[in-house]
Structure formats: C-alpha cells, structure tokens
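I have placed the structure first, in the form of structure tokens, so that the comments after it can refer back to it.
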Amino acid sequence: MRVVGTVGLPGSGKGELAAVARKAEIPVVTMGDVIRQACRDRGRDPSTDHGEVAKALREEDGPAAIAERSLPMIRDAMAETDTDTVVVDGLRSMVEVEAFREAFGEAFLIVSIEAPFDLRAERLADRGRDTSDSNLEALRARDERELGFGMGEVMDAADVRIDNTDSLEAFRTRVRELLLESTVGSEPTTESPAETDTTQ
Numbered sequence: 166m167r168v169v170g171t172v173g174l175p176g177s178g179k180g181e182l183a184a185v186a187r188k189a190e191i192p193v194v195t196m197g198d199v200i201r202q203a204c205r206d207r208g209r210d211p212s213t214d215h216g217e218v219a220k221a222l223r224e225e226d227g228p229a230a231i232a233e234r235s236l237p238m239i240r241d242a243m244a245e246t247d248t249d250t251v252v253v254d255g256l257r258s259m260v261e262v263e264a265f266r267e268a269f270g271e272a273f274l275i276v277s278i279e280a281p282f283d284l285r286a287e288r289l290a291d292r293g294r295d296t297s298d299s300n301l302e303a304l305r306a307r308d309e310r311e312l313g314f315g316m317g318e319v320m321d322a323a324d325v326r327i328d329n330t331d332s333l334e335a336f337r338t339r340v341r342e343l344l345l346e347s348t349v350g351s352e353p354t355t356e357s358p359a360e361t362d363t364t365q
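Per the numbering used here: the sequence shown ends with 365, consecutive numbering throughout.
Next comes the structure, spelled out in structure tokens:
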C-alpha cells in the first residue's frame with residue numbers, strides 16, 4: 166500500500182498529476198472534496214462558502230480535521246480498486262501530514278511539485294486567467310496565504326520533489342513512473358524538470 170500526498174503552489178502542476186493518476190486508474194482523493202461534502206452537509210454552497218466551511222471544520226475539530234475526514238475516503242478508494250496506490254491531492258500543513266503518517270506510517274509519501282512564480286503565472290494565464298498586475302498580486306497573495314497555512318514546511322519535508330519547468334509530456338512521464346513504482350526509497354529526491362499547465 167502507498168498513499169501519495171501532493172503539495173504545490175497554484176499553477177505548479179498538482180491537477181495534472183491527479184489527471185495522470187486517474188488515467189492510470191489510480192484513485193485520487195482531494196482535500197477539497199472533503200470540504201465540498203461538508204458544505205453540502207451544512208446546506209452551504211461549495212462555490213462561495215468553501216473557505217468559510219474549511220475554517221469552521223478546523224475550529225470545531227482541530228487543525229487536522231480535513232485530513233482526518235479524508236481517511237475513510239482513502240481507505241474506501243483502496244478497497245474498491247485493484248491498485249495499491251492512492252493519491253491525496255492538496256496537502257497544506259504539517260498537522261495534516263502527521264495525521265496521514267499516523268494513519269499510514271511509512272506507506273505515506275509526500276511529493277512536492279515546484280515551479281517559479283513567473284512560470285506558474287504564465288500557466289494560469291494560458292488557462293484563460295488575466296495576467297494583469299492586479300491578478301499577479303492576487304496570485305502572490307494566494308501564495309502567501311497557502312504558505313501561511315504551513316505549505317512551505319510540507320514542501321521542505323517532501324520525500325520526492327519534481328522541478329516542473331520543462332515539457333508537459335516529460336512531466337506526465339515522470340508522474341507515471343513515480344505512481345507506478347513498486348517501491349520508493351526513503352531519501353528525498355529531486356526529479357528532472359517538467360512543465361504542466363494544469364493545477365489544483
């Protein structure tokens with residue numbers, strides 16, 4: 166069994182990694198799914214109340230609340246498929262990492278997808294988003310918010326780092342190799358550069 170948790174700033178490539186996993190019939194559980202379900206359970210609109218509900222969950226059940234709520238989803242995904250790997254998309258803090266480590270031990274692996282700000286902004290623009298100064302500032306603010314949650318610490322703790330600055334196909338190839346590996350060494354590694362235009 167292997168649980169692969171992904172971390173990365175907006176535009177880094179987490180969404181493309183998840184897409185590659187799904188194409189390989191590897192289940193993907195997103196932390197956002199947990200929050201969206203909580204919104205529905207509370208009669209709230211996930212499109213507008215996502216952040217408020219996420220904050221409420223953490224206030225009510227502790228900082229690991231979202232990770233803990235995802236554990237049954239991960240176990241169900243593992244039980245319902247033939248694969249021994251599940252991807253967890255959207256790690257944001259070491260508190261969440263510790264919850265997964267407690268649940269899965271050495272079977273839990275952190276993969277950090279990394280790319281510089283300008284390249285991430287360009288990718289987001291290619292997806293139809295404005296690259297005006299105001300939106301660049303919004304991206305910087307979002308980066309700061311994500312890092313404020315503790316994402317930087319998670320990236321520093323990664324078992325595997327993918328420097329995602331080359332071609333989309335190179336990125337997809339490396340992701341497939343990573344997800345289909347039968348064993349992964351315990352030492353952190355940095356992978357060959359690769360680019361993608363999709364992220365969470």
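We put the CB at the ideal spot given by N, CA and C, even for glycine.
Burial state of residue i, where buried means 16 or more other Cβ atoms lie within 10 Å
i	result
Met-259	buried
Gly-170	buried
Asp-210	exposed
Lys-179	buried
Glu-279	buried
Ser-150	As displayed, the chain neither begins before 166 nor continues past 365, which places residue 150 out of reach and without an answer.
Ala-230	buried
Gly-173	buried
Met-166	exposed
Asp-291	exposed
Gly-216	exposed
Pro-228	buried
Ala-306	exposed
Ala-244	exposed
Coil, strand or helix - residue i by DSSP
i	result
Leu-236	helix
Arg-310	helix
Arg-167	strand
Asp-241	helix
Thr-250	strand
Ala-183	helix
Arg-285	helix
Arg-305	helix
Ser-177	coil
Ala-229	coil
Span of the alpha helix (DSSP H) around residue i
i	result
Ile-200	196-206
Arg-266	259-269
Pro-211	211-226
Leu-256	Premise fails: Leu-256 is in no alpha helix (DSSP H) and is neither H nor E.
Glu-334	333-345
For residue i: DSSP bridge partner residues
i	result
Glu-279	Asp-328
Val-172	Ser-277
Val-319	DSSP output for Val-319 lists no bridge partner at all.
Val-193	Val-252
Identity of the residue in the options nearest residue i by Cα
i	options	result
Glu-311	Arg-257, Val-340, Asn-300 and Arg-288	Arg-257
Glu-275	Phe-282, Arg-266, Ala-219 and Asp-283	This sequence places Ile at residue 275; Glu is not what is there. Among Phe-282, Arg-266, Ala-219 and Asp-283, the Cα nearest to that of Ile-275 belongs to Arg-266.
Arg-341	Glu-190, Ser-177 and Leu-236	Glu-190
Ala-232	Thr-248, Thr-246 and Gly-197	Gly-197
Glu-261	Arg-307, Asn-329, Ala-221 and Glu-318	Glu-318
Lys-188	Ala-286, Glu-271 and Thr-248	Thr-248
Asp-308	Arg-339, Val-325, Thr-330 and Phe-282	Phe-282
Val-251	Arg-337, Ala-323 and Leu-182	Leu-182
Leu-345	Pro-192, Met-320, Asn-300 and Ala-203	Pro-192
Gly-255	Ala-272, Ala-323, Phe-336 and Val-194	Val-194
Arg-143	Pro-175, Ile-200 and Val-185	A query on residue 143 cannot be resolved here, the shown segment of the chain reaching from 166 to 365 and no further.
Asn-329	Ala-322, Ala-323 and Arg-337	Arg-337
Ser-277	Glu-225, Asp-241 and Met-316	Met-316
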